[in-house]
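Participant: Please see the structure below; I have some questions.
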Amino acid sequence: MSQKREIGATVPCSKGRFLDSIYAPIQTDLAEVDRILIEQLDLSIPWMDKLLGHTNITGGKRMRPALVLFSALACGEIGVQHHQLAAALEMIHTASLIHDDVLDHAVQRRHVETVNSQWDNKTSVLLGDYLFTHAFHLASQIDSLAAIRRLAVASNRVCGGEMKQNAWSGDFDISEVDYLQMVSEKTAELCSCACYCGAHLSNASEPSSEAFSQFGQNLGIAFQIIDDILDLVGETETVGKTLGTDLKNRKPTLPVIHSLSQVDSALRQTMVAELVSEHPDHGRVMNWLESTGSLQYAKSRARQCAQSAVDFTDDLSGGVGSESLKLMAQFVLERTF
Ligand code: FPP
Ligand code: MG
Numbered sequence: 130m131s132q133k134r135e136i137g138a139t140v141p142c143s144k145g146r147f148l149d150s151i152y153a154p155i156q157t158d159l160a161e162v163d164r165i166l167i168e169q170l171d172l173s174i175p176w177m178d179k180l181l182g183h184t185n186i187t188g189g190k191r192m193r194p195a196l197v198l199f200s201a202l203a204c205g206e207i208g209v210q211h212h213q214l215a216a217a218l219e220m221i222h223t224a225s226l227i228h229d230d231v232l233d234h235a236v237q238r239r240h241v242e243t244v245n246s247q248w249d250n251k252t253s254v255l256l257g258d259y260l261f262t263h264a265f266h267l268a269s270q271i272d273s274l275a276a277i278r279r280l281a282v283a284s285n286r287v288c289g290g291e292m293k294q295n296a297w298s299g300d301f302d303i304s305e306v307d308y309l310q311m312v313s314e315k316t317a318e319l320c321s322c323a324c325y326c327g328a329h330l331s332n333a334s335e336p337s338s339e340a341f342s343q344f345g346q347n348l349g350i351a352f353q354i355i356d357d358i359l360d361l362v363g364e365t366e367t368v369g370k371t372l373g374t375d376l377k378n379r380k381p382t383l384p385v386i387h388s389l390s391q392v393d394s395a396l397r398q399t400m401v402a403e404l405v406s407e408h409p410d411h412g413r414v415m416n417w418l419e420s421t422g423s424l425q426y427a428k429s430r431a432r433q434c435a436q437s438a439v440d441f442t443d444d445l446s447g448g449v450g451s452e453s454l455k456l457m458a459q460f461v462l463e464r465t466f
């Protein structure tokens, strides 16, 4: 590896006051994860430094690393393997977002222009593949077959969930159960994996590691439901990414699925015609969602999932680790970015 530089230094690292305060107990560990992320990437590869500037690899919410570290803390001490696993997870997550931005035709992510917008889809595919494969390169240094296996299975499920979503584009007959299964794969799997591995690498028992995994699964589902709400009503400057892509890409998200279940068949037909049209009218769809209370419904489902996550922590020992996980669940619900 040749030159080193601070990747993502273009955007301040503050994640907002609430998240910064939650992360206080793991500040030095998160800094170590950032250091590994930067150290690991081979900047001698042509354009790598410029490309990575557009992934802002240390500038995301770093939720998955934080979940690894807090789960570790709840079961024991944080060690080198936790740092490596957290960095590998963040690489996989970033790779999935680089590919996702191609699929969603997004132009902004983490407050910077996306790789597909600045360069092209070919570059995004390659950079995503580079990060994805490098994550396993890094994870292979971890002395736990169970953790590496979990990472492999979770990554595979993320892709499976995304393939379901792609197949369901324009299909507004899918149910809430289908939607929840899909988001539990595409989004919650990595959160679940983070919590399981954090606990497992701290020598937690298998049932205890599974309880952490369930925490992450429920938290991840709540996160994605809120993400889908923000895609409809969020502010681009605050969220820092292209919004409104779900309607444009004809994705059946929870607010839309709920709204369609609340209306008579004539209105449903009108709504579906709008939703599958080439340019769905955002204002018209929002009026329907508001009249059926579907944004509130989605928020209440997210709250239930976050509560289920917190319920799993009841069985876990107290301490700063599990208290911080509870705060993460609160952040997921309250976040505006
Ligand atoms: C964001 O969803 C995207 C994901 C949670 C997963 C994307 C997965 C892939 C593209 C498969 C490839 C995976 C790997 C591991 C290389 P979103 O579009 O709802 O959220 P957004 O608003 O943040 O874009
Ligand atoms: Mg997207």
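Counting the sequence shown from 1 gives a position; our numbering is that position plus 129. The beta-carbon is built from N, C-alpha and C at its ideal position, and this holds for glycine as well.
Which of helix, strand or coil does DSSP assign to Q210?
Facilitator: Looking at Q210 - three-state DSSP - the assignment turns out to be helix.
Participant: Which partner residues of V241 appear in the DSSP bridge assignment?
Facilitator: Beta-bridge pairing links V241 to R238.
Participant: Would you give the residue range spanned by the alpha helix (DSSP H) that T99 belongs to?
Facilitator: Absent from the model: residue 99. The displayed extent of the chain is 130 to 466, so no value can be given.
Participant: Please name the residue in A438, Y308 and D444 whose C-alpha comes closest to that of L456.
Facilitator: Answer by Cα proximity: A438.
Participant: Keeping to the same chain, check which residues put their C-beta closer than 6 Å to that of S423; ignore five residues upstream and five downstream.
Facilitator: Around S423: P384, H387 and S388.
Participant: With a cut-off of 5 Å, give the chain-ordered residues whose Cβ is closer than this to any heavy atom of ligand 2.
Facilitator: Matched residues: D229 and D233.
Participant: Kindly confirm or deny that the stretch 258-267 and the stretch 360-372 touch, where touching means at least three C-beta pairs closer than 8 Å.
Facilitator: At 8 Å Cβ cutoff, the stretches do not touch.
Participant: If we ignore side chains and look at the alpha-carbon of each, how far apart do T316 and L198 end up?
Facilitator: If I take the Cα positions, the gap works out to 19 Å.
Participant: Please confirm if the stretch 177-194 is in contact with the stretch 211-219, defined as three or more CB-CB distances below 8 Å between the two stretches.
Facilitator: Segments in contact, yes.
Participant: Looking at C288 and ligand 3, is the gap between the Cβ and the nearest heavy atom below 7 Å?
Facilitator: As far as ligands go, the structure on display features ligand 1 and ligand 2 and does not contain ligand 3.
Participant: With L202 and F460 assumed to form a contact (beta carbons below 8 Å), what rounded beta-carbon distance in angstroms separates them?
Facilitator: At roughly 17 Å, the Cβ-Cβ gap does not stay under 8 Å, so L202 and F460 are not in contact.
Participant: Candidates E335, I358, R432 and Q353: which alpha carbon is nearest E291's?
Facilitator: Nearest option by C-alpha distance: Q353.
Participant: Among C326, T243 and S269, which has the Cα closest to the Cα of A276?
Facilitator: The shortest Cα separation from A276 among C326, T243 and S269 belongs to C326.
Participant: Less than 7 Å between the CB of L309 and some heavy atom of ligand 1, yes or no?
Facilitator: No - ligand 1 has no heavy atom lying nearer than 7 Å to the Cβ of L309.
Participant: To the nearest angstrom, report how far apart A153 and V449 are at their CA atoms.
Facilitator: Each residue's Cα considered, the two are about 11 Å apart.
Participant: Just to confirm, is the Cβ distance from H183 to E242 under 8 Å?
Facilitator: Yes, they are a contact pair.
Participant: Any idea what DSSP makes of D233, helix, strand or coil?
Facilitator: Note: D233 maps to coil in three-state DSSP.
Participant: State buried or exposed for T465, treating a residue as buried only when at least 16 other CB atoms are found within 10 Å of its CB.
Facilitator: The residue is exposed, with fewer than 16 neighbouring Cβ atoms inside 10 Å.
Participant: If H212 sits next to V162, beta carbons under 8 Å apart, how far is it from one beta carbon to the other, in whole angstroms?
Facilitator: H212 to V162, Cβ: 5 Å. Contact.
Participant: Measure the C-alpha to C-alpha separation of D375 and D233 and round it to an integer number of angstroms.
Facilitator: Cα to Cα, the separation comes out at about 8 Å.
Participant: Pick helix, strand or coil for K315, following the three-state DSSP scheme.
Facilitator: K315 falls in the helix class under three-state DSSP.
Participant: Measure the alpha-carbon distance for P336 versus S150 and round it to whole angstroms.
Facilitator: About 30 Å.
Participant: Pull up the distance between the alpha-carbon of A458 and that of F341, whole angstroms please.
Facilitator: When rounded, the distance between both Cα atoms is 13 Å.
Participant: Check S131 in the structure and name its three-state DSSP category.
Facilitator: Because S131 sits at a pLDDT of 36, beneath the cut-off of 50, its placement in the model cannot be relied upon, and the point is left open.
Participant: For D440, which three-state DSSP category applies?
Facilitator: Three-state result, D440: helix.
Participant: Quick check on this structure: which residue in S331, N416 and R432 has the alpha carbon closest to the alpha carbon of S200?
Facilitator: Nearest option by C-alpha distance: S331.
Participant: Using beta-carbon positions only, say whether A435 and L462 come within less than 8 Å of one another.
Facilitator: In this structure, L462 lies closer than 8 Å to A435 by Cβ.
Participant: Could you name the residues of the same chain whose beta carbon sits closer than 7 Å to that of Q343, not counting the 5 residues immediately before and after it, in chain order?
Facilitator: Within the same chain, Q343 has close Cβ partners F441.
Participant: When you compare only the Cα positions, how much space is there between L170 and L181?
Facilitator: Near 9 Å, if we compare the C-alpha coordinates of L181 and L170.
Participant: Whole angstroms is fine: what's the gap from A160's alpha carbon to G188's?
Facilitator: Taking the straight line joining both Cα atoms gives about 12 Å.
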